[in-house]
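Colleague: Could you have a look at this structure, given as structure tokens, before my questions?
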Amino acid sequence: MIFLRVLVTWLALLTLSAPVHGKAMPTQFDADRNRLIASMLSQQLSAQHYAHKSLDDIAPAAYDLYLRQLDPRKRFLLREDVARLQLYADQIDDELRRGKVILPNEGIVLFNKRVTEVMDLTKELLAAGFDPNQQDYLEFDPKKIEYAADLAELRERWRRILKMEALETYLDLQKQEQKKKNGTTAQEPAEPATPPPAETLDPDLWAKALDKVRDKNGRYLGRLLAETKQDHYDRFFDAVARAYDPHTNYMAPTSKEDFDIQMSGSLEGIGALLREEDGYIKVVRIIPGSAAERQGELKAEDTILAAGERGKEPVDMSEMRIRDAVSFIRGPKGSEIILTVLKPDGAKKVIPITRDVVQIEETYVKSDVLDDGRGNKIGYIRIPSFYRDFEATGPASKARNVTDDFRHELYNLTQDKVGGVILDLRDNGGGSLSDAVAISGLFLPGGPVVQVKNAQGEIKILEDTDKNVLYEGPVIVLVNKFSASASEILAAALQDYGRALVVGGDHTHGKGTVQSIVDMNRNLPLLHRKTYEDMGALKVTIQKFYRINGESTQYKGIEPDIVVPTILDYLKSGEKHLDYSLPWDKVGEVDFTPWTKNPLNAEAARRISGPWVASTPDFDKIRKKTAKAKERSEATNLAVYLAGIEKERRELAALAENTEQSEPFLAELGAGRYSVPGGTPPPLREQLGKDPYVQLAVFLISELALDTKTLGATP
């Protein structure tokens, strides 16, 4: 796609296009090229972005984002450095217009100076050693701490960081020694039992731990110093773009190449969408049908701490740039990557994943027929994503799409005379908007489905034009915090018409925007096209979704009719938790005719679901698990002494063991939720029988719709 000549394909989550190709990627810093990029950003972002924010308006946000990506965990810059950089914050808009920016120049000089000083500090501190029993603490949440006032405070901060790493490494080595004594291998990925507390340190193991920490930090700090001036400029340009909203980005040539690979699916890997946040690599979404989904243990919101191959020293991922992390985790089909991840509740887990291509069959719509215990049939359909092959054209094409597959499965359920349908959109990150509209039409007799507003304020109403209804019976839609974009459009339409009840946590993701990819090379003046190397690309938010009742799906997401406990409740996940996300707002309501045949009354459903949920042991376990996870996620001031760390490890081990033995379903229901590492998942019907959310939906349909008669297919 290009800027000025924008080609928009209707997608709710991503806008697909042919890969963007440019010239060779820049090999050295080119000041003139960067001045031109700055000037182009100043013109194009304000003109093309949905919100039309001026550079004056976004300058403070751009500075904030730049500073946070420069030193995300406040481990290098001093307050005097931040004050110096602050002098340029108000000049960002003018500098971009002139094509001459100073902030990244100053940033790289100050940052490299402090990294060099920290490198000397770490050598000194590791040589001096640490008292493992001195009761120190370290705050890990950068939002709760200030930048160090001076080098003395920075030194003390790093003393605690290194001491924590040394003690953690020592205990890991101690576990490995214990496993060797027990006859298992040190590289075995399963979490070993926590050894009993040690009164004194083994001097050999302690020396080995200090050596490992010394090597690790040497590589880490060296990696930071190896970053180029162009790297710093690219991140500054991206900070300017993200100041408009979190889905607007400047993609440097290497990032653009990554995007092309993602779109074409031409490289094997684990199948996880990653992002860089506060100096860590976090999982955004697990791709349906991917190796990570089939393995089943890696989840959205997990933090990847380290990665490596079996038998080799894992590579630390902290403060690794997303480009480098993605490149490292990728690999050929059949090879294994072992990830060390931090779960949102504080538990650490080692996860082995065999790299593979996405198995397309796993992304397709699935259905089954359930029994409510009274002899009534209830249909279940799951949509992993709104897939469509946009490259396949012509009447002879055999490419599958979600609408045709869903229609086929729904028709089969009507032939089975089901008395209700459960539509599962949990973990569905979106996809083709046109298919979300078409699928809603299978339950509705025509009418508006969603409103789309562009940057010029023009509103287009997308309608279901087919008056035929494939299924008229009761419908319950299951959602969670990872239901986003096109899945929110479908759920909102069925909810607004009164066609279905929506069941889930307190809200869905809340992504109600559309992005377009722009090749900046195609907008270069003719004079410069043969002069400069690849300029990169922009991903720009250009449209916003609104429900037929006029409310945006952006920011708030969809609020279910029936709110139930989920293990995601404590997670700060969703659009409302992203920096500088576009706000919720309203436009005018459109005329539509509500559905009047739905026996699933929301008030009655809330009345009977409350006692059912309260008396169901699975939901009681979920509530307790969530409360404990919330407590742990908020405890960010961690012990940095041997007894404190050992106590923390024992608590985490006990929590993990309890979860695996008595709460297997708590690996949140969704893609890969019943995967068995190294084994074959049970049949779908068996999975659904263990799913408390599906069982609640069965109960509601059975109680409210099937006590007197069974509703099924349209005659």
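Residue 2012 in my numbering sits at position 575 of the sequence shown, with consecutive numbering throughout. Glycine included, each C-beta is placed from N, C-alpha and C at the ideal position.
How long is the line joining the alpha carbons of Val1839 and Tyr1848, rounded to whole angstroms?
Modeller: Looking up residue 1839 in the sequence shown gives position 402. Looking up residue 1848 in the sequence shown gives position 411. Answer to the nearest angstrom: the Cα atoms are 14 Å apart.
Colleague: Take the Cβ of Ala1585 as the centre, count every other Cβ of all protein chains shown within 10 Å, and call the residue buried at 16 or more, exposed below.
Modeller: Looking up residue 1585 in the sequence shown gives position 148. Buried.
Colleague: Pairing CB atoms from the segment 1974 to 1981 with CB atoms from the segment 1952 to 1961, are three or more of them under 8 Å?
Modeller: yes
Colleague: Across which residues does DSSP place Tyr1717 in a beta bridge pair?
Modeller: Within the sequence shown, residue 1717 is the residue found at index 280, counting from 1. DSSP lists Glu1714 as partners of Tyr1717.
Colleague: Note the first and the last residue of the continuous beta strand (DSSP E) segment covering Asp1901.
Modeller: Position 464 of the sequence shown, counted from the first residue, corresponds to residue 1901. Unbroken beta strand (DSSP E) run through Asp1901: 1896 to 1901.
Colleague: Taking the alpha helix (DSSP H) that Gly2047 belongs to, which residues open and close that run?
Modeller: In the sequence shown, counting from the first residue as 1, residue 2047 sits at position 610. Here the alpha helix (DSSP H) through Gly2047 covers 2039 to 2051.
Colleague: Who are Asn1838's beta bridge partners in DSSP?
Modeller: Here residue 1838 corresponds to residue number 401 of the sequence shown, with the count starting at 1. Residue pairing by DSSP puts Asn1838 in a beta bridge opposite Arg1825.
Colleague: Buried or exposed: where does Ala1564 fall if 16 or more other Cβ atoms within 10 Å of its Cβ makes it buried?
Modeller: Taking the sequence shown and counting its residues from 1, the one referred to as residue 1564 is at position 127. Label assigned to Ala1564: exposed.
Colleague: May I ask you to report which of helix, strand or coil DSSP gives Gly1878?
Modeller: Within the sequence shown, numbered from 1, the residue matching residue 1878 stands at position 441. Looking at Gly1878 - three-state DSSP - the assignment turns out to be helix.
Colleague: Please say whether Ser1822 and Arg1792 have beta carbons closer to each other than 9 Å?
Modeller: In the sequence shown, residue 1792 corresponds to position 355, counting from 1. In the sequence shown, residue 1822 corresponds to position 385, counting from 1. Not in contact: Arg1792 and Ser1822 (Cβ atoms no closer than 9 Å).
Colleague: Rounded to whole angstroms, how far is the Cβ of Leu1779 from the Cβ of Asp1739, which I believe are closer than 8 Å?
Modeller: To locate residue 1779, count along the sequence shown from 1; it is residue 342. To locate residue 1739, count along the sequence shown from 1; it is residue 302. The pair is a contact, with the Cβ atoms about 7 Å apart (cut-off 8 Å).
Colleague: When the Cα atoms are used, what is the spatial distance from Glu2085 to Val1855?
Modeller: Within the sequence shown, numbered from 1, the residue matching residue 2085 stands at position 648. Within the sequence shown, numbered from 1, the residue matching residue 1855 stands at position 418. So the two alpha carbons sit approximately 50 Å from each other.
Colleague: By the three-class DSSP mapping on this structure, what secondary structure does Ala1937 have?
Modeller: One-based indexing of the sequence shown puts residue 1937 at position 500. Ala1937 falls in the coil class under three-state DSSP.
Colleague: Count Cβ pairs between the segment 2032 to 2051 and the segment 1531 to 1546 that sit closer than 8 Å; are there 3 or more?
Modeller: no
Colleague: Would you call the segment 1547 to 1560 in contact with the segment 1488 to 1501, where contact means no fewer than 3 C-beta pairs closer than 8 Å?
Modeller: no
Colleague: Could you check what DSSP says for Asp1573 in three-state terms: helix, strand or coil?
Modeller: If you number the sequence shown from 1, residue 1573 lands on position 136. Here Asp1573 sits in strand by DSSP.
Colleague: Should the segment 2074 to 2081 be called in touch with the segment 1592 to 1602, which here means at least 3 C-beta pairs below 8 Å?
Modeller: Yes: at least three Cβ pairs fall under 8 Å.
Colleague: Which residues bound the alpha helix (DSSP H) around Gly1733?
Modeller: Numbered from 1 along the sequence shown, position 296 holds the residue referred to as residue 1733. Counting along the chain, Gly1733 falls outside any alpha helix (DSSP H), and DSSP gives it neither H nor E.
Colleague: Report the residue ranges of all beta strand (DSSP E) runs contained in full by the segment 1491 to 1576; include only those spanning at least 3 residues, in chain order.
Modeller: Here the runs fully enclosed are 1573 to 1576.
Colleague: Count the other CB atoms within 10 Å of the CB of Glu2071; is the residue buried (16 or more) or exposed (fewer)?
Modeller: The sequence position of residue 2071 within the sequence shown is 634, counting from 1. Result: exposed.
Colleague: Considering only residues of the segment 1756 to 1795, which uninterrupted alpha helix (DSSP H) runs meet the minimum length of 4 residues and lie entirely inside it, listed in chain order?
Modeller: 1759 to 1766
Colleague: What is the DSSP secondary structure of Gly1659, counted as helix, strand or coil?
Modeller: Reading the sequence shown from its first residue, position 222 is the one you call residue 1659. Three-state DSSP puts Gly1659 in a helix.
Colleague: With a CB to CB cut of under 7 Å and the five nearest residues on each side skipped, what residues in its chain are close to Phe1577?
Modeller: For the purposes of this step, residue 1577 is taken as the residue at position 140 of the sequence shown. Excluding sequence neighbours, Phe1577 sits near Thr2073, Leu2075.
Colleague: In the DSSP assignment, find the beta strand (DSSP E) that holds Thr1606 and state where it starts and stops.
Modeller: Taking the sequence shown and counting its residues from 1, one reaches residue 1606 at position 169. It is not in any beta strand (DSSP E) - Thr1606 instead sits in the alpha helix (DSSP H) that spans 1588 to 1618.
Colleague: Please name the residue in Arg1731, Ile1788, Ala1728, Val1721 whose C-alpha comes closest to that of Glu1746.
Modeller: Start at 1 with the first residue of the sequence shown, and residue 1746 comes out as number 309. For Glu1746, the nearest C-alpha among the options comes from Ile1788.
Colleague: Can you tell me whether Gly2149 is helix, strand or coil according to DSSP?
Modeller: Here the question's residue 2149 lines up with position 712 in the sequence shown. Note on Gly2149: pLDDT 40, under 50, position unreliable in the model; the coordinate value appears next. Of the three classes helix, strand and coil, the one that applies to Gly2149 here is coil, per DSSP.
Colleague: What are the uninterrupted segments assigned as alpha helix (DSSP H) that are 4 or more residues long and contained completely in the segment 1942 to 2005, given in chain order?
Modeller: none
Colleague: Which runs of the beta strand (DSSP E) fall wholly inside the segment 1843 to 1891 and span at least 3 residues, in chain order?
Modeller: DSSP assignment within the segment 1843 to 1891 yields the following whole beta strand (DSSP E) runs of 3 residues or more, N-terminal first: 1858 to 1861, 1884 to 1891.
Colleague: For the beta strand (DSSP E) that contains Met1477, what are its first and last residues?
Modeller: Walking along the sequence shown from the start, residue 1477 turns up at place 40. Taken as a continuous stretch (DSSP letters only), Met1477 belongs to no beta strand (DSSP E), being part of the alpha helix (DSSP H) at 1468 to 1485.
Colleague: Considering only residues of the same chain and omitting the five flanking positions on each side of Gly2107, which have a CB-CB separation below 6 Å?
Modeller: Position 670 of the sequence shown, counted from the start, is the residue given in the question as residue 2107. Since pLDDT at Gly2107 reaches only 39, below the 50 mark, its modelled position is unreliable, and no value is offered.
Colleague: Answer with buried or exposed for Asp1842, where buried requires no fewer than 16 other C-beta atoms within 10 angstroms of its C-beta.
Modeller: In the sequence shown, the residue the question calls residue 1842 occupies position 405. Result: buried.
Colleague: If we define contact as Cβ-Cβ less than 9 Å, is Ala1585 a contact residue for chain D?
Modeller: Reference to chain D is not applicable here, since this structure consists of a single protein chain.
Colleague: In this structure, does DSSP put Leu2106 in helix, strand or coil?
Modeller: Numbered from its first residue, the sequence shown carries residue 2106 at position 669. Because the pLDDT at Leu2106 is just 40, under 50, the model does not fix this residue reliably, and the value given afterwards should be weighed accordingly. DSSP places Leu2106 in coil when its eight states are reduced to three.
Colleague: In its own chain, which residues sit with a C-beta less than 7 Å from the C-beta of Ala2134, not counting the 5 before and 5 after it?
Modeller: Residue 2134 sits at position 697 when you count from the first residue of the sequence shown. For Ala2134, where only same-chain residues beyond five positions count, the Cβ hits under 7 Å are Ile1859, Ile1913, Leu1915, Val1940.
Colleague: For the candidate residues Lys1918, Gly1883, Ile1474, Gln1952, whose alpha-carbon lies nearest to that of Ser1869?
Modeller: Working through the sequence shown from its first residue, we reach residue 1869 at position 432. Ser1869 has its Cα closest to that of Gln1952, out of Lys1918, Gly1883, Ile1474, Gln1952.
Colleague: Taking Cβ positions, are Phe1919 and Ser2018 nearer each other than 9 Å?
Modeller: The residue labelled residue 1919 in the question sits at position 482 within the sequence shown. The residue labelled residue 2018 in the question sits at position 581 within the sequence shown. Against a cut-off of 9 Å, the Cβ pair of Ser2018 and Phe1919 comes out as no contact.
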